[in-house]
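Novice: A single structure is presented below for examination.
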Amino acid sequence: TNAWLLKTVLRDEMGFEGVLISDFSAIAETIAHGHAADKKEAACMAIRAGLDIDMMGGVYSADTVRELLAEGKITQADIDASVWRILKLKNDLGLFEHPYKDGDETLEKSVLLCSDHRALARKAAAESMVLLKNDGALPLSPDASVALIGPYTDSRQLMSSWAITGKEADCMTIQEAAEEVLSGHAVYAQGCPILPPSTVLEDFGTSVTQAPLSEEDLRAMRDTAMEKAKASDLVVMLLGEHTLQSGEATSRGEITVPDIQMDLFRAVRAVNPRIVTVIFSGRPLDLREISEGSLAVIEAWRPGTEGAHALMDILLGTVNPSGCLPMSFPYCVGQVPVSYNEYATGRPYRPGLRFVSRYLDIPNQPLYPFGYGGSYTTFSVSPVELTEDHLCKGGSIQAAVTVTNTGEREGTVTVQLYVRDVSASVVRPVRELKGAERVSLGRGESQYVSFTITEDMLRFYRADGTFGSEPGTFHVWIGTDSTADGYAQFVLEG
């Protein structure tokens, strides 16, 4: 409802001529914010600000708009402007000629889950999974006896809470996918439920209660898992959050794997420490104990319809992991918020010094940093080379490295460019991601990877409120995650 922002800045200064729509019930929520007295006032402010569509809030009712118009609080021109923008959008989309544009119920049923779409979903899921740790346990040996244990073993709960039109029935379980490729070499056990029995969660206003189980049932599940783990060469533990524990309106004070699953993890580890752990979650979790107690760890996220097949591709090495973390995984919740593009503070951390920005009981560094992702091969990155050590406005310089696959198999790595403005009128982050390139290399193969740095990449909102760059020194890193070291340096001229 900010007329200055929507009209003066967005439409007049930036030239935006399209339709503006609120978020879900956002106009009505200005009442709860204490900005509007009631729905009528909220509608008045929003219409006058040029907000064209009220999403699901019921604020732009015909009666309310009619009253505001009769009282002179809004004008016919206000209404006409919004109606025109909406009609123009519909016309541009061809909706007047084809109201159900591209809509075909029969075609939708046959195409939505066709083989091509499933193959693409499988590829996307595998490429998004992140190998966090691997002490040689992966990929799985085709001859090893494996126990797949955990509540996600026989679960179809692989979609996110916002896959609203998705159906769990269309997902294959991990066990079903594993049986296709591990026949005769694998055993399976749930071990425990995802959450303690009778736990209640909310799903779009509806209470969802986990199935009740007796203590006897829980002990039997645990005992079965222990027996199978003890008799196997390797255990793959399939753990994580419940779907309804991540997403909108699911903040958690403790970002841990549910206790009932951690108890199972500890019990299994006591009889067989050769563990690979797969985590299903929609957020970074505190994985300290799991990381310490596992030979390998995979973050699988909410992998979707073909997630089970994709996971088997990763576990067996059919697909070499190449996913990278889009956020830092904290050492523990007390470190949150933790981000790679932090500020140095007046007393940056340096080992051995007391009065610096540090914790007494945990490291400053996250458990796994932004941009990090492992592979079944290894890569080396040469020192950064710059074509120039000075950058003029309107000019550019090239920052480059040579990336080499130093391992035994083909792999893909995401090469990342980070830049720091060393001193500025407004303090800048210790480093900022400015470029990334996925590079696929065969065994022993090298590739020269170059990034172009231009002055416009170095702009920010300066102390005087203007947007632009400032002359000075800049540091440049190129590596495989946000902890890349060995920077090069250039000077931006005024």
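Per the working numbering, residue -6 is the first one in the sequence shown, and the count goes up by one each step.
The beta-carbon is built from N, C-alpha and C at its ideal position, and this holds for glycine as well.
Since the structure is predicted, the reported quantities are computational estimates derived from the model, not experimental observations.
Look up Leu379 in the DSSP assignment and say whether it is helix, strand or coil.
Specialist: DSSP places Leu379 in strand when its eight states are reduced to three.
Novice: Can you list, in chain order, the residues of its chain whose CB lies under 8 Å from that of Ala63, leaving out five sequence neighbours each side?
Specialist: Once the five neighbours on either side are set aside, Ala63 has no close Cβ partner at all.
Novice: Rounded C-beta distance between Pro323 and Leu360? I'm assuming under 8 Å.
Specialist: At roughly 6 Å, the Cβ-Cβ gap stays under 8 Å, so Pro323 and Leu360 are in contact.
Novice: Let me know the secondary structure DSSP gives Met49 once reduced to three states.
Specialist: DSSP places Met49 in coil when its eight states are reduced to three.
Novice: Start and end of the alpha helix (DSSP H) containing Thr99?
Specialist: Run containing Thr99: Glu98 to Val104, per the alpha helix (DSSP H) assignment.
Novice: Using the DSSP secondary-structure output, state which residues sit across from Met152 in a beta bridge.
Specialist: Answer is none; Met152 lacks a bridge partner.
Novice: Suppose you measure from the CA of Thr459 to the CA of Cys385; what does that come to, to the nearest Å?
Specialist: Cα-Cα distance, rounded: 20 Å.
Novice: Given a threshold of 16 other Cβ atoms within 10 Å of its Cβ, counted over all protein chains shown, does Ile14 qualify as buried or as exposed?
Specialist: By the 10 Å Cβ count, Ile14 comes out exposed.
Novice: Short check: CB of Val374 to CB of Gly472, under 7 Å?
Specialist: Yes, the Cβ-Cβ distance between Val374 and Gly472 is below 7 Å.
Novice: For Met230 and Leu257, what's the separation of their Cα atoms in angstroms?
Specialist: Going from the Cα of Met230 to the Cα of Leu257 covers about 9 Å.
Novice: Between which two residues does the beta strand (DSSP E) carrying Lys427 extend?
Specialist: Segment Glu425 to Leu434, the beta strand (DSSP E) holding Lys427.
Novice: Does the Cβ of Leu44 have 16 or more other Cβ atoms within 10 Å, making it buried, or fewer, making it exposed?
Specialist: Buried.
Novice: Output the boundary residues of the beta strand (DSSP E) element that contains Val406.
Specialist: First-last of the beta strand (DSSP E) with Val406: Gly404 to Asp414.
Novice: Measure the alpha-carbon distance for Ala293 versus Pro422 and round it to whole angstroms.
Specialist: Spanning the two alpha carbons is a distance of roughly 30 Å.
Novice: So, is Ala25 buried or exposed, given that buried needs 16 or more other C-beta atoms within 10 angstroms?
Specialist: Looking at its Cβ environment, which holds fewer than 16 other Cβ atoms inside 10 Å, Ala25 is exposed.
Novice: Where do the ends of the alpha helix (DSSP H) carrying Ile217 lie?
Specialist: The question names Ile, but residue 217 in the sequence shown is Thr. Segment Glu208 to Lys223, the alpha helix (DSSP H) holding Thr217.
Novice: Spatial neighbours of Ser138 within its chain, please: CB distance less than 7 Å, with the 5 preceding and 5 following residues excluded, ordered by chain position.
Specialist: Once the five neighbours on either side are set aside, the close Cβ partners of Ser138 are His178, Ser225 and Asp226.
Novice: Going by other Cβ atoms of all chains shown within 10 Å of its Cβ, with 16 needed for buried, is Val541 buried or exposed?
Specialist: The shown model of the chain, from -6 to 487, leaves out residue 541, and the question about it has no answer.
Novice: Which partner residues does Ile291 have in the DSSP bridge list?
Specialist: Leu124 and Val271.
Novice: How would you write the range of the beta strand (DSSP E) that Val139 sits in, first residue to last?
Specialist: Taken as a continuous stretch (DSSP letters only), the beta strand (DSSP E) holding Val139 covers Val139 to Ile142.
Novice: Determine the extent of the beta strand (DSSP E) in which Phe444 is found, giving its start and end residues.
Specialist: Phe444 -> beta strand (DSSP E) spans Ser439 to Thr447.
Novice: Assuming the contact rule is C-beta atoms closer than 8 Å, Cys164 and Leu175 should be a hit. Round their C-beta distance to whole Å, please.
Specialist: Not a contact, Cβ separation roughly 19 Å.
Novice: Under the three-state reduction of DSSP, which class applies to Phe9: helix, strand or coil?
Specialist: Note: Phe9 maps to coil in three-state DSSP.
Novice: So, is the C-beta of Val442 closer than 7 Å to a C-beta in chain B?
Specialist: Of the protein chains in this structure there is only one, and it is not chain B.
Novice: If you count every other CB in all the chains shown that lies within 10 Å of the CB of Thr236, and 16 or more means buried, which is it?
Specialist: Per the 10 Å Cβ criterion, buried.
Novice: So, helix, strand or coil for Val419, using DSSP?
Specialist: In the structure shown, Val419 sits in coil (DSSP, three-state: anything other than H, G, I, E or B).
Novice: Kindly indicate which residue of Ile167, Ser153 and Pro132 has the alpha-carbon position closest to the one of Thr146.
Specialist: That would be Ile167, whose Cα lies nearest to the Cα of Thr146.
Novice: Taking the beta strand (DSSP E) that Gly286 falls in, what are its first and last residues?
Specialist: No beta strand (DSSP E) contains Gly286, which is instead part of the alpha helix (DSSP H) from Arg281 to Gly286.
Novice: Measuring alpha carbon to alpha carbon, tell me which of Val408, Ala481 and Val228 ends up nearest Val180.
Specialist: Considering only alpha carbons, the answer is Val228.
Novice: Return helix, strand or coil for Leu346, following the three-state DSSP convention.
Specialist: In this structure, Leu346 counts as coil in the three-state DSSP scheme.
Novice: So, for Trp155: in the same chain, excluding its five sequence neighbours on each side, which residues have a beta-carbon less than 8 Å away from its beta-carbon?
Specialist: The answer, listed in chain order, is Gly240 and Glu241.
Novice: If you compare alpha carbons, which of Ala301, Phe483, Tyr333 and Pro376 is closest to Arg111?
Specialist: It is Ala301.
Novice: Helix, strand or coil, according to DSSP, for Ile390 in the structure here?
Specialist: Strand at Ile390.
Novice: Using a Cβ-Cβ cut-off of 7 Å (strictly less than) and excluding sequence neighbours within five positions of Val326, which residues of its own chain qualify?
Specialist: Cβ within range, chain order: Glu247, Ile248 and Asp279.
Novice: Is the beta carbon of Phe467 less than 7 Å from the beta carbon of Asp382?
Specialist: The answer is no: Cβ separation not under 7 Å.
Novice: Apart from the five residues just before and just after Arg455, which ones in its own chain have a Cβ nearer than 8 Å to its Cβ?
Specialist: Ala417, Ser418, Val419, Gly461 and Glu463, listed in sequence order.
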